[in-house]
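See below for the structure under consideration.
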Amino acid sequence: MQVPHPWNLSSEAAIALQHELAQHIILEDQVGEVRYIAGVDMAIHEEHNMAQAAVVLLSFPDLEIVERHIYEEPIQMPYVPGLLSFREAPSVLGAIRKLRQKPDLVMVDGQGIAHPRRIGIGAHLGLWLNIPTIGCAKSLLVGHYDKEALDEEAGSWVPLIYKKEVIGAMVRTRTRVNPMIISPGHLISLETSIRYVLACSKGYRLPEPTRLADKLSKDKTWVEPEASEQPTLWS
DNA sequence: GCGACAG
DNA sequence: ATCTTGTCGC
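Okay, so the first sequence: first residue is 1 according to UniProt numbering, each after it adds one.
So, in structure tokens, the structure goes:
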């Protein structure tokens, strides 16, 4: 398939590319042993037209911080509902490139396949990296669910439906707090996605990987540690 | 035609 | 995403 591909596309070209790429998304588990989970997120400094992407690598199941990196670059694309990956993925990939250890699973802020064309930024990144990914969004892009059927207790969830199909789940990661929208990205099933999200939830609405990445992306005092001489043993 | 619309 | 203080509840 066409990965890599350019990211600065017109909306029409981007949508056409999504239709093509969506054909290659795999929702069967190909998740081997999970020892490292990465969380990624991005913040914007509108005044300087800069994007600050962050990646935090955690050990699993301990969830101890192993690595954290920041990557900055000018914003290239505007935010267009349904085309978020074209705005954020380039920066996020810049941050992921700094990882010394390859993650076994990546949790992304945004939708996985819970998207109009079944390829939100979570799924898109999974395809690009060829690594299992999970989409963890704070709000809905598309889909509906039975609000009454979702219990208030942490751990409960209900399926997210779109055009008669299950595209994800509304997951209560914390008691009496708005649910997170969870959907598989690539190389993983919905059930497994929910399992890892709950295993990474530690008393906050956002699971640890994305919660820490979110915090780091907004950090203005962060100074990237001394670049090591060790070569990366993957990307 | 009219709303809805990840971050 | 970002603009922003205090405040209610576990």
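Glycine included, C-beta positions come from ideal geometry on N, C-alpha and C.
DSSP, reduced to helix, strand and coil, places I26 outside both helices and strands of the structure shown, so it counts as coil. One alpha carbon belongs to T221, the other to R35, and they sit about 29 Å apart. Judged by DSSP secondary structure, P179 falls outside any beta strand (DSSP E); it is assigned neither H nor E. Of E229, P225, E226, V171, the smallest CA-CA separation from Y204 is found for V171.
Counting every other CB atom within 10 Å of its CB across the protein chains shown gives T210 a total of 16 or more, marking it as buried.
The residue from G155, V166, R195 with its alpha-carbon nearest to that of N178 is G155. Shown here, R118 sits in coil according to DSSP, grouped into three states, outside any helix or strand. Relative to A22, the option among L93, F86, A123, Y79 whose CA is nearest is A123.
In this model, L63 and L212 are separated by some 11 Å (Cα to Cα). Around the CB of T175, fewer than 16 other CB atoms lie within 10 Å, so the residue is classed as exposed.
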